[in-house]
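FYI, the numbering for the sequence shown is 4 to 263, going by our numbering.
We put the CB at the ideal spot given by N, CA and C, even for glycine.
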Amino acid sequence: MPSFQELQKTLLEDVPVEILAECSDSSVAVLATFADTFEAHSQFTQDQAREGLSNPPLMRLLGFERTQENLRLTIGATTYPEFVKTRQLQVEKHERLLRLANPLGVCCVCLSADGKLLIEKRGHTVGLYKGGFHVVGGYADLTHDVELDQHTGHWEPRPDFAILREIREEMNIPTNLSVHNLRPTVLAYDTTNQHPELCFFATINLHSREIVDLARQTAEFQNINLLDAEVECVSEFLKVNRAKVVPTGLAAMLYSLHLL
């Protein structure tokens, strides 16, 4: 079995994804804060709500710092239409976080109670990566994925709330009862569509068939593939399907290997 460094080099070569920060240490926590007071974001949310729910305000990644114990994220506000406008702009690497919308995506590699990973084959009606393989995910939303800090009295962004919400919405899973050991694994950047994605890993205390049955009651997470949660099996899947896996999904699965 090749080392992780060898797998990383093989699997990420020529794939349009950049690893911004690794979170392989189990003690790493994600600490996200707004760049300014939440009042500005609250007004932004209200303004966007008037335009309809089709364009909810999203978290925008303005900056990040990986310290020994934490991954610190600085968050602003954006929308999906702004993302569509800016993702085709040709900018220098050091200008990405300054000039692009950079909505913060979230995704999660989910491990079932019977040792299966749940991989979705995306449909042909989605906006990006039609027919590609990915794990459950979406965008961090400023209307739902925030929490009032009882000590400071300030609102704080919670990307972990975002991925739990996506699991509930896309897979129909009661996250307060069934999802455990949620932890970040990597902050990756899709260099084709120019947006960051915070990847997580979690265990779900349900049999894979129960999860599939629950997910099929929704309209979003339909074409599910069950993959044996073994390093050799996942590595082979990624090698064979490297060109078909969504770039940030590939990073998410790769950086979850040490947890299997």
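Looking at residue j and residue i, is the spacing between their C-beta atoms short of 8 Å?
{"i": "residue 1", "j": "residue 248", "result": "Shown here, the chain extends from 4 to 263; a query on residue 1 therefore has no answer."}
{"i": "residue 278", "j": "residue 232", "result": "Not covered by the structure: residue 278. The range shown for the chain is 4 to 263."}
{"i": "residue 135", "j": "residue 127", "result": "no"}
{"i": "residue 74", "j": "residue 187", "result": "yes"}
{"i": "residue 237", "j": "residue 121", "result": "no"}
{"i": "residue 168", "j": "residue 148", "result": "yes"}
{"i": "residue 190", "j": "residue 11", "result": "no"}
{"i": "residue 109", "j": "residue 201", "result": "yes"}
{"i": "residue 111", "j": "residue 32", "result": "no"}
{"i": "residue 101", "j": "residue 64", "result": "no"}
{"i": "residue 159", "j": "residue 254", "result": "no"}
{"i": "residue 209", "j": "residue 116", "result": "yes"}
{"i": "residue 224", "j": "residue 150", "result": "no"}
{"i": "residue 82", "j": "residue 107", "result": "no"}
{"i": "residue 260", "j": "residue 7", "result": "yes"}
{"i": "residue 220", "j": "residue 175", "result": "yes"}
{"i": "residue 14", "j": "residue 241", "result": "yes"}
{"i": "residue 227", "j": "residue 123", "result": "yes"}
{"i": "residue 4", "j": "residue 234", "result": "yes"}
Under the DSSP definition of a beta bridge, which residues are partnered with residue i?
{"i": "residue 69", "result": "74"}
{"i": "residue 137", "result": "123"}
{"i": "residue 199", "result": "192"}
{"i": "residue 63", "result": "79, 106"}
{"i": "residue 31", "result": "Answer by DSSP bridge pairing: none, since residue 31 is not bridged."}
{"i": "residue 269", "result": "The structure shown does not extend to residue 269, since the chain is modelled only from 4 through 263, so no value can be given for it."}
{"i": "residue 159", "result": "150"}
{"i": "residue 142", "result": "108"}
{"i": "residue 182", "result": "207"}
{"i": "residue 187", "result": "203"}
For residue i, does the three-state DSSP call read helix, strand or coil?
{"i": "residue 256", "result": "helix"}
{"i": "residue 176", "result": "coil"}
{"i": "residue 42", "result": "Caution is warranted here: a pLDDT of 49 is assigned to residue 42, below 50, making its placement in the model unreliable, and the coordinate value is therefore given only provisionally. It is helical."}
{"i": "residue 243", "result": "helix"}
{"i": "residue 98", "result": "helix"}
{"i": "residue 261", "result": "helix"}
{"i": "residue 21", "result": "strand"}
{"i": "residue 53", "result": "For residue 53, the pLDDT reaches just 48, beneath the cut-off of 50, and the residue's location in the model is therefore unreliable, leaving the point undetermined."}
{"i": "residue 231", "result": "strand"}
{"i": "residue 249", "result": "coil"}
{"i": "residue 4", "result": "coil"}
{"i": "residue 37", "result": "strand"}
{"i": "residue 219", "result": "coil"}
{"i": "residue 224", "result": "coil"}
{"i": "residue 129", "result": "coil"}
{"i": "residue 85", "result": "helix"}
On a Cα-Cα basis, can you pick out the residue from the options that is closest to residue i?
{"i": "residue 94", "options": "25, 169, 197, 240", "result": "197"}
{"i": "residue 199", "options": "78, 263, 175", "result": "78"}
{"i": "residue 18", "options": "202, 201, 246, 229", "result": "246"}
{"i": "residue 252", "options": "137, 156, 215, 195", "result": "137"}
{"i": "residue 170", "options": "195, 140, 157, 193", "result": "140"}
{"i": "residue 92", "options": "218, 195, 213, 203", "result": "195"}
{"i": "residue 129", "options": "66, 213, 96, 222", "result": "222"}
request  = Taking 8 Å as the threshold, find out whether the segment 22–33 comes into contact with the segment 143–151 through three or more Cβ pairs.
outcome  = no
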